[in-house]
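Its first residue numbered 63, the sequence shown is counted upward by one per residue in the working numbering.
Yeah, the Cβ is synthetic: ideal placement off N, Cα and C, and Gly gets one too.
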Amino acid sequence: MKYTKYEKARMIGARALQLSMGAPFMIKISKKELAEVKFNPVRIATLEFNKGALPINVLRSHPDTRVKQEVQG
63 MKYTKYEKAR
73 MIGARALQLS
83 MGAPFMIKIS
93 KKELAEVKFN
103 PVRIATLEFN
113 KGALPINVLR
123 SHPDTRVKQE
133 VQG
């Protein structure tokens with residue numbers, strides 16, 4: 063599924079908040095990689111997103127475009 067830039071920003075931001083509150087990583091990250099991203103939760107969430115391991119789903123609502131007919135009686 064291709065995400066819009068708004069969906070991507072929302073998912074990464076929500077995951078970064080979870081990580082900053084102490085949530086476990088969903089990918090294996092070495093201490094060297096953690097040092098490279100400087101323990102930044104946004105960058106860690108971006109890594110998870112790029113590897114497809116983000117535990118967040120997007121539910122898109124579609125408008126009902128059908129015209130409803132009234133029954134005369």
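With 16 or more neighbouring CB atoms inside 10 Å of its own CB, methionine 73 falls in the buried class. The C-alpha of glycine 84 lies about 17 Å from the C-alpha of leucine 109. In this structure, alanine 97 sits away from arginine 77, with a CB-CB distance that is not shorter than 8 Å. Phe87 is the residue among Glu69, Lys94, Lys64, Phe87 whose C-alpha sits nearest the C-alpha of proline 103. Its chain contains no residue whose beta carbon lies nearer than 6 Å to that of alanine 71 once the 5 sequence neighbours on both sides are disregarded.
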